[in-house]
Amino acid sequence: IEYDKKAVTALEVTDDCYVINSFSKYFSMTGWRVGWMVVPENQVRVVERIAQNMFICAPHASQIAALASMDCDDELQANLAVYRRNRDLMIDGLKEAGFIDIAPPDGAFYVYADVSRFTDDSRAFAAEILEKAGVAVTPGLDFDPARGHKTLRFSYARSTADMEEGIARLKAFMAAR
Numbered sequence: 013i014e015y016d017k018k019a020v021t022a023l024e025v026t027d028d029c030y031v032i033n034s035f036s037k038y039f040s041m042t043g044w045r046v047g048w049m050v051v052p053e054n055q056v057r058v059v060e061r062i063a064q065n066m067f068i069c070a071p072h073a074s075q076i077a078a079l080a081s082m083d084c085d086d087e088l089q090a091n092l093a094v095y096r097r098n099r100d101l102m103i104d105g106l107k108e109a110g111f112i113d114i115a116p117p118d119g120a121f122y123v124y125a126d127v128s129r130f131t132d133d134s135r136a137f138a139a140e141i142l143e144k145a146g147v148a149v150t151p152g153l154d155f156d157p158a159r160g161h162k163t164l165r166f167s168y169a170r171s172t173a174d175m176e177e178g179i180a181r182l183k184a185f186m187a188a189r
C-alpha cells in the first residue's frame with residue numbers, strides 16, 4: 013500500500029535480502045494465510061526444506077484466491093482510494109481530538125499517535141477509550157515494548173462511515189476528559 017510516494021523495495025537495495033510478506037492487507041485477504049518470500053537464489057533450497065518441515069503448502073482454495081486477487085486491480089485501487097480517504101479523515105480527526113503528535117502513514121492502514129500528553133499507560137488509555145467512547149484502539153505496547161506505553165495505534169481499515177462515527181466519538185470523549 014502506497015499513498016503519496018513510491019516505496020523503496022528491498023531488491024532495489026540488494027539482492028542479498030530476505031523479504032517475507034502476505035496477501036493479507038493489500039489484497040484484503042486477512043485470514044486466508046497466504047504469504048510469499050523473496051530470498052537470495054542460493055538460499056531457495058534451504059528455505060524450501062525449512063518450509064516443508066513447518067508446513068506443506070497453503071490450502072488449495074487459498075492459493076487459487078491469491079492468484080485471482082492479482083487480477084483485481086480495479087478493486088484494489090478502489091480499496092486504496094477508500095484507505096486514502098480514511099487516512100486523511102483519521103489524521104485530521106486525531107488532530108482535532110487533541111492528538112497532535114502523530115505519525116502519518118506512507119503505507120498500511122494505521123496511524124500511530126503519541127499519547128504521552130494524556131497518559132503513560134497506553135493499555136489503560138485504550139481500555140478507557142473503548143469503555144467510554146466505544147472505540148477500539150490498540151495500545152502501542154503490542155508493537156513496541158520499550159516506548160509503546162506512550163503510543164496508540166488507530167486503524168482506518170473500515171468503511172468511511174465507520175471512520176466518521178469513530179472519530180466523532182473519540183473527539184467527544186477527549187473533549188469530556
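Numbering-wise (the numbering used here), the sequence shown opens with residue 13 and increments by one. Glycine included, each C-beta is placed from N, C-alpha and C at the ideal position. A quick note: this is a predicted structure, and the numbers were derived from the prediction, not measured.
Apply the 10 Å Cβ neighbour rule to residue i and answer buried if 16 or more other Cβ atoms are within range, or exposed otherwise.
{"i": "isoleucine 76", "result": "exposed"}
{"i": "arginine 99", "result": "buried"}
{"i": "valine 25", "result": "exposed"}
{"i": "methionine 82", "result": "exposed"}
{"i": "isoleucine 62", "result": "exposed"}
{"i": "histidine 72", "result": "exposed"}
{"i": "serine 128", "result": "exposed"}
{"i": "proline 151", "result": "buried"}
{"i": "arginine 6", "result": "Any question about residue 6 goes unanswered here, given that the chain covers just 13 to 189."}
{"i": "arginine 165", "result": "buried"}
{"i": "phenylalanine 155", "result": "exposed"}
{"i": "phenylalanine 67", "result": "exposed"}
{"i": "alanine 109", "result": "buried"}
{"i": "isoleucine 112", "result": "exposed"}
Assuming residue i contacts residue j under a Cβ cut-off of 8 Å, what Cβ separation, rounded to an integer in Å, is found between them?
{"i": "valine 58", "j": "valine 31", "result": "About 16 Å; that fails the 8 Å criterion."}
{"i": "isoleucine 114", "j": "phenylalanine 185", "result": "17 Å between Cβ atoms; not a contact."}
{"i": "leucine 106", "j": "alanine 125", "result": "6 Å"}
{"i": "alanine 78", "j": "valine 46", "result": "4 Å"}
In chain order, what residues of the same chain have a beta carbon less than 6 Å from the beta carbon of residue i, not counting five sequence neighbours either side?
{"i": "serine 36", "result": "Thr42"}
{"i": "serine 34", "result": "Gly47"}
If you drop the 5 nearest sequence neighbours on each side, which residues of the same chain put their C-beta closer than 8 Å to that of residue i?
{"i": "glycine 146", "result": "Arg181"}
{"i": "aspartate 118", "result": "Glu14, Tyr15, Asp16, Lys17 and Ala19"}
{"i": "leucine 153", "result": "Ser134, Arg135, Gly160 and His161"}
{"i": "proline 116", "result": "Arg99, Ile103 and Val123"}
{"i": "leucine 23", "result": "Cys29, Val31 and Val50"}
Sort the options by Cα distance to residue i and report the nearest one.
{"i": "alanine 192", "options": "Gly47, Ala120, Asp28 and Thr163", "result": "Nothing about residue 192 can be reported from this structure: the residues present for the chain run from 13 to 189 only."}
{"i": "alanine 173", "options": "Val94, Asp104 and Phe121", "result": "Val94"}
{"i": "threonine 159", "options": "Ser171, Cys84, Ser134 and Met66", "result": "The question names threonine, but residue 159 is arginine in the sequence shown. When each option's Cα is compared against that of arginine 159, the closest is Ser134."}
{"i": "alanine 120", "options": "Asn54, Met175, Ser167 and Thr131", "result": "Ser167"}
{"i": "arginine 96", "options": "Ala187, Asn33, Val123 and Asp27", "result": "Val123"}
{"i": "cysteine 29", "options": "Asn65, Asn54, Ile179 and Asp86", "result": "Asn54"}
{"i": "glutamate 87", "options": "Asp132, Ile103, Glu177 and Tyr38", "result": "Tyr38"}
{"i": "aspartate 85", "options": "Ser40, Thr131, Ala188 and Gln64", "result": "Ser40"}
What does residue i pair with, by DSSP beta-bridge criteria?
{"i": "arginine 165", "result": "Tyr124 and Thr150"}
{"i": "glycine 47", "result": "Ser34"}
{"i": "isoleucine 114", "result": "Ala125"}
Between residue i and the rest of its own chain, which residues show a CB-CB distance below 7 Å, the 5 nearest in sequence each way excluded?
{"i": "alanine 70", "result": "Arg45 and Val46"}
{"i": "alanine 138", "result": "Val149, Thr150, Pro151 and Leu164"}
{"i": "leucine 92", "result": "Ile13"}
{"i": "glutamine 130", "result": "Checking the sequence, you will find phenylalanine at residue 130 rather than glutamine. Once the five neighbours on either side are set aside, the close Cβ partners of phenylalanine 130 are Phe137."}
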